[in-house]
Amino acid sequence: MASDGKDISLLGYGAMRLPTVDGGHANGWAKGASSASIDQARLNRQVAYMLKHGVNYFDTSPAYCRGESEGAMGTALAASGYDRGSYFIATKLSNFSPSQHTIEACRKMFEKSLKSLRTSYIDFYLLHAIGNGGFAAFEKRYLKNGALDWCCELREQKRIRKLGFSFHGDPRAFEWCVENHGRYKWDFCQIQMNYVDWRHAKEVNSRNLDAKYLYETLTAKGIPVVVMEPLLGGRLAASNRALSNELSPLDPKATLAKWAFRFCASFDNVATILSGMTYDGQIKENIETFSPVKRCSEAEFAALERAALAMLNLKTVPCNMCNYCMPCPYGLDIPAVLSFRNRVVASEKRLSSAEVLRLYREAVPEELRRADHCTGCGKCLSHCPQSIDIAAEMDAIDKWVDTLKTEAAR
Numbered sequence: 090m091a092s093d094g095k096d097i098s099l100l101g102y103g104a105m106r107l108p109t110v111d112g113g114h115a116n117g118w119a120k121g122a123s124s125a126s127i128d129q130a131r132l133n134r135q136v137a138y139m140l141k142h143g144v145n146y147f148d149t150s151p152a153y154c155r156g157e158s159e160g161a162m163g164t165a166l167a168a169s170g171y172d173r174g175s176y177f178i179a180t181k182l183s184n185f186s187p188s189q190h191t192i193e194a195c196r197k198m199f200e201k202s203l204k205s206l207r208t209s210y211i212d213f214y215l216l217h218a219i220g221n222g223g224f225a226a227f228e229k230r231y232l233k234n235g236a237l238d239w240c241c242e243l244r245e246q247k248r249i250r251k252l253g254f255s256f257h258g259d260p261r262a263f264e265w266c267v268e269n270h271g272r273y274k275w276d277f278c279q280i281q282m283n284y285v286d287w288r289h290a291k292e293v294n295s296r297n298l299d300a301k302y303l304y305e306t307l308t309a310k311g312i313p314v315v316v317m318e319p320l321l322g323g324r325l326a327a328s329n330r331a332l333s334n335e336l337s338p339l340d341p342k343a344t345l346a347k348w349a350f351r352f353c354a355s356f357d358n359v360a361t362i363l364s365g366m367t368y369d370g371q372i373k374e375n376i377e378t379f380s381p382v383k384r385c386s387e388a389e390f391a392a393l394e395r396a397a398l399a400m401l402n403l404k405t406v407p408c409n410m411c412n413y414c415m416p417c418p419y420g421l422d423i424p425a426v427l428s429f430r431n432r433v434v435a436s437e438k439r440l441s442s443a444e445v446l447r448l449y450r451e452a453v454p455e456e457l458r459r460a461d462h463c464t465g466c467g468k469c470l471s472h473c474p475q476s477i478d479i480a481a482e483m484d485a486i487d488k489w490v491d492t493l494k495t496e497a498a499r
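If you use my numbering, the sequence shown corresponds to residues 90 to 499, in order.
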């Protein structure tokens with residue numbers, strides 16, 4: 090996909106986990122997240138490095154990094170020394186709260202994005218997570234308030250150059266957008282796509298749509314695809330015996346992340362693949378993977394499908410660490426608890442009860458933020474793009490931990 094005659098890099102930067110001064114990342118309460126300030130100096134260096142090595146698509150949102158992502162990215166891009174026309178900015182109409190549904194609030198959000206990003210126009214503007222909260226929420230956020238028609242006006246005025254949407258959740262919202270492509274002429278769509286969700290998203294949750302269906306539907310309509318969650322929130326890059334058993338024999342030197350990126354890069358209608366790269370090593374490794382990226386062979390596609398099935402058999406919780414469930418009104422660190430469970434389930438070695446309990450303490454140091462303090466209030470459920478029954482998972486983890494404590498005491 091090109092914009093204004095310039096090609097978009099196949100590797101894109103997702104600005105959801107910006108580096109912080111204490112070595113963590115700024116993604117609210119998610120695992121590894123920090124309340125410390127964004128490390129602007131490091132981010133400036135990282136952005137300049139990415140631009141130097143051909144990465145020119147930067148995806149952010151008013152909702153990312155405690156609301157600080159746009160401002161930090163605007164500063165980093167301005168400090169890079171690169172001309173505004175040499176890179177592309179993607180941001181979103183992230184009007185999740187009812188107080189942000191009015192057209193006046195939407196306009197205010199857009200103007201604030203321009204100011205934060207230090208630009209007079211947005212290259213790629215998205216309706217953010219159109220299916221999140223169901224079709225009624227989509228109607229309130231974008232249709233009944235006139236926000237979608239207003240976005241089309243912004244495109245006509247060249248204040249935004251491309252208009253698209255990101256999809257999570259209710260299939261009806263996706264189908265509505267596709268059915269109305271003739272009217273709104275979507276320039277792109279951002280979907281969750283990886284080798285597990287390609288054929289098995291509906292197995293994880295019956296409300297989901299498989300990435301294969303999403304991709305092929307968009308391709309048939311001539312709508313370019315922007316890929317999010319190529320690593321499933323890091324689960325396809327972390328140490329995992331099920332994935333390693335299938336993929337390592339094919340290329341012992343390739344990281345699991347490289348396999349996941351190669352899968353997504355093997356499809357012609359993929360415009361760019363977003364990666365939330367916090368650390369310098371991740372940036373360098375990913376740029377190397379894409380320089381150039383090698384498409385998968387039929388044998389490798391088959392191995393990736395076997396890896397996907399093995400991953401599903403592990404029964405991990407489909408948490409992608411997006412942090413939309415947070416903050417919990419009762420103080421739970423939901424992403425950290427779920428990440429701990431997935432880490433243990435996918436571990437490449439058999440862990441004793443004592444070792445698992447130690448990992449739990451390390452993952453969630455504060456006792457008040459662990460699974461046993463879940464009240465089952467359900468406030469998080471409507472915010473989860475993966476439709477995880479979080480209260481049920483917290484209850485199951487609490488009971489599992491109790492069993493581990495009994496075993497460790499023997």
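Think of the CB as a built atom: it goes at the ideal place given N, C-alpha and C, for glycine as much as any other residue.
C-beta contact flag for residue i and residue j at 8 Å
i	j	result
CYS414	HIS472	yes
ALA104	MET198	no
PRO313	CYS353	no
TRP348	LEU336	yes
PHE227	ASP276	no
ASP148	TYR210	no
TYR284	ALA396	yes
CYS154	ILE192	no
VAL316	VAL267	no
GLN281	ALA300	yes
ASN133	SER98	no
ILE376	LEU100	yes
LEU339	ALA392	yes
Closest by C-alpha distance to residue i, when choosing among the options
i	options	result
THR361	PHE213, GLY112, ASP128	PHE213
ILE219	ALA262, VAL426, ARG351, ALA498	ALA262
SER205	ILE178, PHE185, ASN221	ILE178
SER92	LYS247, PRO418, VAL110	LYS247
VAL445	LEU457, ARG430, GLU456	ARG430
GLN189	ARG230, ALA165, GLU455, CYS154	ARG230
THR344	HIS270, GLY322, THR378	THR378
THR464	GLY170, ALA480, LEU493, ALA130	ALA480
SER328	LYS438, ASP484, ARG196, ARG447	LYS438
GLY223	LEU470, SER175, ALA290, ALA236	LEU470
VAL110	ARG131, ASP96, GLU264	ARG131
Rounded Cβ spacing between residue i and residue j (contact assumed at less than 8 Å)
i	j	result
SER202	GLU245	Rounded, the Cβ-Cβ distance is 18 Å, inconsistent with contact.
ALA152	PHE185	7 Å
ALA435	LEU403	6 Å
VAL453	VAL426	6 Å
CYS466	PRO424	Between PRO424 and CYS466 the Cβ distance is about 17 Å, and since that is not below 8 Å, they are no contact.
ASN221	PRO474	6 Å
MET400	LEU332	6 Å
heavy atom of the ligand SAH below 7 Å from residue i C-beta
i	result
ASN358	What this structure holds is no ligand at all, so the ligand SAH is not there to describe.
Bridge partners - residue i, DSSP secondary structure assignment
i	result
CYS278	PHE254, VAL314
LEU107	ALA115
GLY220	GLY258
LEU446	For LEU446, which the question treats as bridged, DSSP gives no partner whatsoever.
ILE127	THR109
TYR102	PHE147, SER364
THR180	TYR214
VAL359	VAL314
ILE249	ILE211
On the three-pair Cβ rule with 8 Å, is the region 250 to 261 touching the region 209 to 228? yes
Is it the case that the region 406 to 413 contacts the region 129 to 143, given that we only count it when at least three CB pairs across the two stretches are under 8 Å? no
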